[in-house]
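In our numbering, the protein residues as written are 100 to 238.
The beta carbon of each residue, even a glycine, is placed where N, CA and C say it ideally should be.
The next block holds one structure in the form of structure tokens; read it before the comments.
See below:
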């Protein structure tokens, strides 16, 4: 199954948005990251709640500091056509919990998180267990 079926809506901002505004977006959308995009909606970075705390607050940066000062800019994105298992492998190899998902032109389409994958895989495992149990009872 492709990621396209399971994407969370992206929460995004421009690089010049303040740390305070990015944190406010995270709070209002109930997410732990904001994808940073350019004017063409291409991913240029990601800023997480941890980035704001460790790279911002701990260094006593002003809340008005642009997110570009603390964001991770070497972000690996996934294709919206990628398989769920590919996403899990990319997250494991990149040691990240959230990844932007882009279309063929590189436009941000959504975000997939490790938590999303855990829910999807657990549902699939539960469905498989029900099928196996039903077959076992039938025999």
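Which residues does DSSP pair with residue i in a beta bridge?
{"i": "residue 171", "result": "145"}
{"i": "residue 177", "result": "200"}
What did DSSP end up calling residue i once you bin it into helix, strand or coil?
{"i": "residue 155", "result": "helix"}
{"i": "residue 251", "result": "An answer regarding residue 251 cannot be provided, because it is not within the stretch 100 to 238 covered by the chain."}
{"i": "residue 161", "result": "coil"}
{"i": "residue 45", "result": "The requested residue 45 is not part of the displayed model; the chain covers only 100 to 238."}
{"i": "residue 209", "result": "strand"}
{"i": "residue 197", "result": "strand"}
{"i": "residue 166", "result": "helix"}
{"i": "residue 182", "result": "strand"}
{"i": "residue 108", "result": "coil"}
Quick check: the Cα distance between residue i and residue j, rounded to an integer number of angstroms?
{"i": "residue 102", "j": "residue 199", "result": "11 Å"}
{"i": "residue 108", "j": "residue 163", "result": "26 Å"}
{"i": "residue 193", "j": "residue 217", "result": "17 Å"}
{"i": "residue 116", "j": "residue 159", "result": "18 Å"}
{"i": "residue 113", "j": "residue 138", "result": "8 Å"}
Taking C-alpha atoms, which residue in the options lies nearest to residue i?
{"i": "residue 242", "options": "119, 183, 136", "result": "Nothing can be reported for residue 242: it is not among the residues displayed for the chain, which extend from 100 to 238."}
{"i": "residue 182", "options": "128, 129, 219, 113", "result": "219"}
{"i": "residue 129", "options": "147, 142, 221, 139", "result": "147"}
{"i": "residue 197", "options": "175, 179, 180, 184", "result": "175"}
At least three beta-carbon pairs within less than 8 Å, the stretch 202-218 to the stretch 147-162: No contact exists between the stretch 202-218 and the stretch 147-162.
The stretch 108-123 / the stretch 205-222 touching (three or more Cβ pairs under 8 Å): When C-beta atoms of the stretch 108-123 are compared with those of the stretch 205-222, three or more pairs fall below 8 Å, so the two segments count as touching.
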